[in-house]
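Structure representation (structure tokens):
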């Protein structure tokens, strides 16, 4: 399991996370819900070593992640798909996919990717930066899946996408969950936050203040929180 205990983290002299604790089990989708600027992205980046952790613990099973360099974390099975800068814009789609693999991209890999990005074979030679926003998000997700993650961190993966792509990504999240992948999903839209999650944490000013179990939270609860 992936567990954060009383994490403090930030950039330079600024401490963004004041006290974040949460737990993600294998085969579980956990939502981190909050308004912009509350610490959702910083939480995800702290897990993969992109933000300095100043206190607290981040553990993957028995391994303390805060003691590792950022390049070491993905090797343990934790993949991160950020909200922006999702792909290497100047590389081809094929080369973007190859980044996730230590072996040559083959037909079996393409078959797996095609479940997420159905037209991938039509785009392999295309420069990734010329894809639409939705196609870039599918490519970033497909690349993460190719790395065979045990835990997947997604930062608002459906933001700004058309409804058909939102539905596809939600279906992919459910398939990954059923395959035993633990997923931590940052979200700020109440209408989407409960679509796929098993549990939900609310983050406010760098602190996780509330945890809801399955069936305990409603969209109305989340709207009420946003009005506070």
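In my numbering, the protein residues as written are 2 to 229. Backbone N, C-alpha and C define an ideal beta-carbon position, used for all residues, glycine too.
Next on the checklist: Pull the bridge partners of residue 15 from the DSSP assignment, please.
Outcome noted: 12
Checklist entry - Counting Cβ pairs closer than 8 Å, one from the segment 109 to 127 and one from the segment 41 to 51, do we hit at least three? => result No: the two stretches stay apart, fewer than three of their Cβ pairs being nearer than 8 Å.
Item to check | Three-state secondary structure assigned by DSSP to residue 56 | outcome: strand
Item to check | Option nearest residue 190 by Cα separation, candidates 29, 226, 89, 111 | outcome: Relative to residue 190, the option among 29, 226, 89, 111 whose CA is nearest is 226.
Item to check | Exposed unless 16 or more other CB atoms sit within 10 angstroms - verdict on residue 63 | outcome: exposed
Next on the checklist: At the level of alpha carbons, what is the spacing between residue 31 and residue 110?
Outcome noted: 27 Å
Next on the checklist: If you follow the alpha helix (DSSP H) that residue 144 is in, where does it begin and where does it stop?
Outcome noted: In the DSSP assignment, residue 144 falls within the alpha helix (DSSP H) that extends over 134 to 147.
Next on the checklist: Checking 9 Å against the spacing of the C-beta atoms, do residue 79 and residue 66 come in under that value?
Outcome noted: yes
Next on the checklist: Rounded to the nearest angstrom, what separates residue 26 and residue 202 at their Cα positions?
Outcome noted: Looking at the two C-alpha atoms, the distance is approximately 14 Å.
Checklist entry - Does the beta-carbon of residue 210 have 16 or more other beta-carbons within 10 angstroms, so that it is buried, or is it exposed? => result exposed
Checklist entry - Nearest-angstrom Cα distance between residue 200 and residue 89? => result 32 Å
Checklist entry - Terminal residues of the continuous alpha helix (DSSP H) containing residue 85? => result Careful: residue 85 lies outside any alpha helix (DSSP H) and carries neither H nor E.
Checklist entry - What's the gap between the Cα of residue 132 and the Cα of residue 172? => result 22 Å
Item to check | Cα-Cα separation between residue 122 and residue 187, rounded to whole angstroms | outcome: CA-CA distance, residue 122 to residue 187, rounds to 30 Å.
Item to check | Residue range of the unbroken alpha helix (DSSP H) whose run includes residue 156 | outcome: Counting along the chain, residue 156 falls outside any alpha helix (DSSP H), though it belongs to the beta strand (DSSP E) covering 152 to 156.
Item to check | Cβ neighbour criterion (16 or more within 10 Å) applied to residue 120 | outcome: exposed
Next on the checklist: If you follow the beta strand (DSSP E) that residue 114 is in, where does it begin and where does it stop?
Outcome noted: Counting along the chain, residue 114 falls outside any beta strand (DSSP E), though it belongs to the alpha helix (DSSP H) covering 108 to 115.
Next on the checklist: Does residue 126 pass the burial test, meaning 16 or more other C-beta atoms within 10 Å, or should it be called exposed?
Outcome noted: exposed
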